[in-house]
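**Student:** Quick mapping for you: the protein sequence lines, in order, are chains A and B. Numbered according to this note's numbering, the first sequence terminates at residue 209, and the numbering increases by one at each position without gaps. Numbered according to this note's numbering, the second sequence terminates at residue 209, and the numbering increases by one at each position without gaps. Shown below is the structure under consideration.
Protein chains: 2
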Amino acid sequence: MILCDIGNSRMHFFDGGTIKHLSYEEGIAIYGEMQVFYICVSDRAQAMIAQSAPAWVDLSKYRVLKTAYRGLGIDREAACLGIGDGIVIDAGSAITVDVMENGIHRGGWIWPGIRAMLKAYEAVSPKLSYPLNPNVALDQLPMETQDAISFGLLAPIQAVIERFRNGKGVVVTGGDAKIVAQLLPDAQIDETLVFKGMKQMLKDVEC
Amino acid sequence: MILCDIGNSRMHFFDGGTIKHLSYEEGIAIYGEMQVFYICVSDRAQAMIAQSAPAWVDLSKYRVLKTAYRGLGIDREAACLGIGDGIVIDAGSAITVDVMENGIHRGGWIWPGIRAMLKAYEAVSPKLSYPLNPNVALDQLPMETQDAISFGLLAPIQAVIERFRNGKGVVVTGGDAKIVAQLLPDAQIDETLVFKGMKQMLKDVEC
């Protein structure tokens, strides 16, 4: 079975082995003729699929997550379905944080992703254009600009998640999973989390 | 005595009474012939002053704050000089947070301002383009997109500052002072904080 998680810039394919990260064009050129089960947050990719990959099956029709949240993105829903209990973090172009409790979604919040945050600093002033220092100390006050920015970016992730963690486990997925996971004691990285959730959608549909 | 705090977009004049917020062009047209003591973070404004306001005195020559921080902006330095002890927050195009202890600057960090943060969300996806809900609850999990964004923007300010507050007082200045102050118990708003610091610079120079 081929699964595909389509984000705002790329398609991520999973056949049970490795994950392939492809552009929309590459993804459709390689997999367009096959049966692919997918979720998609991009209107552009959705239009390309309608035109060039008619056998692909959109799993977003099958919303199975138990939640009172209005307007939850299908990618967040899939990540939540990937675990039954704990904090789910998807650290990509956005960083989404969701809380699951005994199979029920209790709510969550959104941050711009690390790249978007660094661009936001740069947009405020060219004097704030720096790469991230992922190893900045978060238990002491920054003493220069790059650290002041890196701390400003990372300390919130640690502080707000710890405030809402309540002893729960944390699973992190997405391109910046490593940077985020190292901020949180005992956080697990799982690059296949969204695909696990997609399998859950398929299973619930089939039952 | 006329004081002027020059930010990345406007000039803020203070004559001991009210504060006037003017464009660079307006400020120089009105005050260009007078003696004005100023601090400035804008290269463009600095060039305009050199050309059209020769009597203005740049207080950034007088760096008097006791700190080991490298590269502290002159506006942050002035705000810190405005208090002897406590947390200083300047919530404008950036949000800077600095810790003062018995007249000594102990360090601080930087966030993009509220407007810049909302733009960062919008840049990630048009689906994340929302105005801020300044009254979003920060003690419970958001259940829809606008709250998820507003929480993502405001919860860090509360959580990280509380973590480093250690019982200290908090003074907030800048255009978004009201929004930030309401997140922090017993925070004071002081729109003249930077000007108090500038007077301190002048006093230390004169001694």
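The beta-carbon is built from N, C-alpha and C at its ideal position, and this holds for glycine as well.
At a Cβ threshold of 8 Å, is residue 1/A touching chain B?
**Tutor:** Outside the shown range of chain A (3 to 209) lies residue 1/A, about which nothing can therefore be said.
**Student:** Are there 16 or more other CB atoms within 10 angstroms of the CB of residue 201/A, so buried, or fewer, so exposed?
**Tutor:** buried
**Student:** If the cut-off is 7 Å on Cβ atoms, which residues from the stretch 95-119 of chain B count as contacting chain A, listed in chain order?
**Tutor:** 95, 96, 101, 108, 109, 110, 111, 112, 113, 114, 115, 118, 119
**Student:** The beta strand (DSSP E) with residue 72/B in it runs from where to where?
**Tutor:** Looking at the DSSP string, residue 72/B is not in any beta strand (DSSP E), and its letter there is neither H nor E.
**Student:** Give the interface partners of residue 10/A over in chain B, defined as CB-CB distance under 9 Å, in chain order.
**Tutor:** 126, 127
**Student:** State the DSSP-derived secondary structure class of residue 175/B, mapped to helix, strand or coil.
**Tutor:** DSSP places residue 175/B in strand when its eight states are reduced to three.
**Student:** With a cut-off of 8 Å, do at least 3 Cβ pairs link the stretch 153-167 of chain A to the stretch 182-191 of chain A?
**Tutor:** In this structure the stretch 153-167 of chain A lies against the stretch 182-191 of chain A, because at least three pairs of beta carbons, one per stretch, are closer than 8 Å.
**Student:** Go through its chain and collect everything with a Cβ distance to residue 153/B's Cβ below 7 Å, but skip five positions before and after it.
**Tutor:** 138, 140, 144
**Student:** Between which two residues does the alpha helix (DSSP H) holding residue 186/A run?
**Tutor:** It is not in any alpha helix (DSSP H) - residue 186/A carries neither H nor E in the DSSP assignment.
**Student:** Residues of the stretch 184-203 of chain A with a CB closer than 9 Å to any CB of chain B: list them in chain order, please.
**Tutor:** none
**Student:** How is the alpha helix (DSSP H) around residue 12/A delimited, first residue to last?
**Tutor:** Per DSSP, residue 12/A is not a residue of any alpha helix (DSSP H), being assigned neither H nor E.
**Student:** Using three-state DSSP, classify residue 126/A as helix, strand or coil.
**Tutor:** Of the three classes helix, strand and coil, the one that applies to residue 126/A here is helix, per DSSP.
**Student:** Return the first residue and the last residue of the alpha helix (DSSP H) that residue 65/A is part of.
**Tutor:** That residue, residue 65/A, is in no alpha helix (DSSP H); it is neither H nor E in DSSP.
**Student:** So what does residue 113/B bridge to, in DSSP terms?
**Tutor:** 97/B
**Student:** Considering only DSSP beta bridges, list what residue 39/A is partnered with.
**Tutor:** 5/A, 59/A
**Student:** Among residues of its own chain, excluding the 5 on either side of residue 46/A, which ones have a beta-carbon nearer than 8 Å to its beta-carbon?
**Tutor:** 26
**Student:** Out of 21/B, 38/B, 30/B, 31/B, state which residue places its alpha-carbon closest to the alpha-carbon of residue 1/B.
**Tutor:** With chain B running from 3 to 209 in the structure shown, residue 1/B is simply not present.
**Student:** Which word fits residue 128/A, buried or exposed, when buried means at least 16 other C-beta atoms lie within 10 angstroms of its C-beta?
**Tutor:** exposed
**Student:** Have a look at residue 78/B and residue 120/B and give me their C-alpha separation to the nearest angstrom.
**Tutor:** 23 Å
**Student:** Provide the residue span of the beta strand (DSSP E) that contains residue 21/A, from first to last.
**Tutor:** 21-24
**Student:** For the candidate residues 64/B, 44/B, 36/B, whose alpha-carbon lies nearest to that of residue 58/B?
**Tutor:** 36/B
**Student:** Quick one: does residue 136/B have its CB under 8 Å from some CB of chain A?
**Tutor:** Put simply, the CB of residue 136/B is far from chain A, with every gap to its CB atoms at 8 Å or more.
**Student:** By DSSP, does residue 90/B sit in helix, in strand, or in coil?
**Tutor:** DSSP places residue 90/B in the strand class (E or B) of the three-state scheme.
**Student:** To the nearest angstrom, how far is the alpha carbon of residue 171/A from that of residue 88/A?
**Tutor:** 5 Å
**Student:** Can you grab the Cα-Cα spacing for the pair residue 132/A / residue 112/B, in whole Å?
**Tutor:** 12 Å
**Student:** In chain order, what residues of the same chain have a beta carbon less than 7 Å from the beta carbon of residue 156/A, not counting five sequence neighbours either side?
**Tutor:** 138, 140, 185
**Student:** Using beta carbons (cut-off 8 Å, strictly below), is residue 151/B in contact with chain A?
**Tutor:** yes
**Student:** Could you tell me whether any Cβ in chain A is nearer than 8 Å to the Cβ of residue 145/B?
**Tutor:** yes
**Student:** At 9 Å on the CB atoms, spell out the chain A contacts of residue 158/B, in chain order.
**Tutor:** 113, 154, 157, 158, 159, 161, 162
**Student:** Hey, how far is the Cα of residue 193/B from the Cα of residue 85/B?
**Tutor:** 13 Å
**Student:** State yes or no: is the C-beta of residue 125/A within less than 8 Å of the C-beta of residue 203/A?
**Tutor:** no
**Student:** Taking C-beta to C-beta, are residue 60/B and residue 33/B nearer than 8 Å?
**Tutor:** no
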